[in-house]
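Right, one structure below, let's go through it.
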C-alpha cells in the first residue's frame with residue numbers, strides 16, 4: 001500500500017499500526033438493529049430501527065465493510081453533502097480512514 005501511495009519510507013504505515021498507542025490492527029464489529037422508542041418525526045408513522053453509529057470519521061488506516069444487503073451507510077462528499085451507499089451483499093466497501101488522509 002505504501003508503494004502504491006508513493007510513500008518514501010515503506011515502513012511508515014506498518015509502524016503506525018505497531019505503535020503501542022495504535023487504535024487497532026484488526027477488529028470485527030457487528031451492528032445489530034436497535035429500536036429507538038422516541039416519538040417518530042412528523043413524516044414517519046412509527047418508531048425507527050437503526051443500525052450502527054451516527055456521523056463520524058474512521059480513525060484507522062482502512063475500514064472494510066460488508067453490508068449484508070442492509071442500507072444506511074452514507075459517505076460525506078466534497079461540500080459536506082451526505083450520499084447513501086447502495087448496499088451490495090456481494091461486495092465490500094473500503095473506506096480510507098483518518099490515518100491515510
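In the UniProt record's numbering, the protein residues as written are 1 to 101.
Backbone N, C-alpha and C fix where the C-beta goes; we use that ideal spot for every residue, glycine too.
Short Cβ contact (8 Å threshold) for residue i with residue j
i	j	result
residue 60	residue 97	yes
heavy atom of the ligand MN below 7 Å from residue i C-beta
i	result
residue 91	The ligand MN is not among the ligands present in this structure, which contains no ligands whatsoever.
The alpha helix (DSSP H) enclosing residue i, as first and last residue numbers
i	result
residue 15	11 to 18
residue 5	2 to 5
Closest residue to residue i among the options (Cα-Cα distance)
i	options	result
residue 89	54, 56, 71	71
residue 57	95, 4, 16	95
residue 26	11, 76, 65	65
Reduced DSSP category for residue i - H, G, I as helix; E, B as strand; rest coil
i	result
residue 95	strand
residue 63	strand
Euclidean distance between Cα positions of residue i and residue j
i	j	result
residue 80	residue 73	15 Å
residue 69	residue 75	17 Å
residue 83	residue 77	7 Å
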